[in-house]
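Below is one structure, written out as structure tokens, with a few remarks after it.
In my numbering, the protein residues as written are 585 to 661.
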């Protein structure tokens, strides 16, 4: 199956659901967005905004490696 996502007003949602009722329920599945999805979406949108306006922090691979080594060493003992 393929997945599509539709943002719509409640009155349009009702019409979309009515239209989908013309098909077998084996042909489609309605997937609701959970709190985790919505939270992740907000985080990604905030990160994208920082990238777009030039306030995002970027790190080199060496900087990342150093950070990970320090983090791992904290938990090794």
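By construction, the Cβ of each residue, glycine as well, lies at the ideal position given by its N, Cα and C atoms.
First through last residue of the alpha helix (DSSP H) which encompasses residue i
i, result
"residue 659", "645-660"
"residue 603", "594-604"
Three-way DSSP call (helix, strand, coil) for residue i in this model
i, result
"residue 637", "helix"
"residue 621", "helix"
"residue 616", "coil"
Beta-carbon spacing of residue i, residue j below 9 Å
i, j, result
"residue 575", "residue 622", "Since the displayed the chain opens at 585 and closes at 661, residue 575 lies outside it and no answer follows."
"residue 651", "residue 642", "no"
"residue 631", "residue 640", "yes"
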